[in-house]
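A.B. asks:
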Amino acid sequence: MRVVETFCSIQGEGKLTGVPSWFVRLSGCNLRCRWCDTPYASWNPEGDPSTVDELIDRAGASGLTHAVITGGEPMIFDQLPQLCASLRQIGLHITIETAGTVYPETWTDLSCDLMSISPKLANSTPVDDPRDSKRIWQSRHEQRRLNRAVLNRLLRDFPEHQLKFVVESPADLAEIDQLLIGLDGVEPGDVMLMPEGTKPPGSEDRDWIVLVCLERNWRYANRLHIELFGDTRGT
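So the number in this note's numbering is just where the residue sits in the sequence shown, counting from 1, plus 1109.
#1: Look at S1220 and H1270 and say whether their C-beta atoms are less than 9 Å apart.
#2: Using DSSP with H/G/I as helix, E/B as strand and the rest coil, what is Q1188?
#3: Taking the alpha carbon of G1209 as the point to measure from, which residue in S1248, F1267, D1166 and E1296 has its own alpha carbon closest?
#4: Quick one: what's got a C-beta closer than 7 Å to I1185's C-beta in the same chain, skipping five residues either side?
#5: Report the partner residues of A1330 according to the DSSP bridge assignment.
#6: Ordered along the chain, which non-local residues of its own chain (more than five positions away) have a Cβ less than 7 Å from that of Y1329?
#7: Considering Q1271, what are the terminal residues of the alpha helix (DSSP H) in which it resides?
#8: Do the CB positions of V1300 and L1289 come within less than 9 Å of each other?
#9: From which residue to which residue does the beta strand (DSSP E) around I1203 run?
See the structure below:
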């Protein structure tokens, strides 16, 4: 598996915000989000090969009880089930962070305690992005960014789940509403809205999201790690 980094930090997003966790960031992604905050795992993937045994040694040495597998897109790696099974064997709680576009049907026993799904809205498409001068990724990303069949399988197979949506404006709500209509097993408390950005949001970016969450009983999702450490690698 190509790995950008492993590190210990505080989980900054979602239901487990604040939990000390060991992270492994896998390198490579089938999408190219315009606002991706880890381009070194997507637009310009870095990293070196690591075996599952090497990663398990690092996870065990961390002394922590929670493991977070992130990327990039972890679900594109054939070795992911083996990694998760090995993490389970050493007693770690496992979170997988995914965009929810890939889930091989041959994976019938994927160990995961929290499936953290971040469906990509239209605001993620790299329209006229200078990193994509031939617009190859603009087209690929738009075609791939939502896969309702995969989303429903993930929601069904992993009852402990969350849906995190990166939002820029109230206009994004219509797309979220339309997507949720076709998804099964989603409770209001599973839906999280997160303001786009790599800095703590100002009131103009935050307040309208808070109001929406109050109206719909959704959750407001901040990025605690950015508040604590800034937009830095290894956090």
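Yeah, the Cβ is synthetic: ideal placement off N, Cα and C, and Gly gets one too.
C.D. replies: Working from what's here:
#1: no
#2: coil
#3: F1267
#4: G1137, N1139 and V1211
#5: Beta-bridge pairing links A1330 to no other residue.
#6: L1302, I1318, V1319 and C1322
#7: That residue, Q1271, is in no alpha helix (DSSP H); its beta strand (DSSP E) goes H1270 to V1276.
#8: yes
#9: H1202 to T1207
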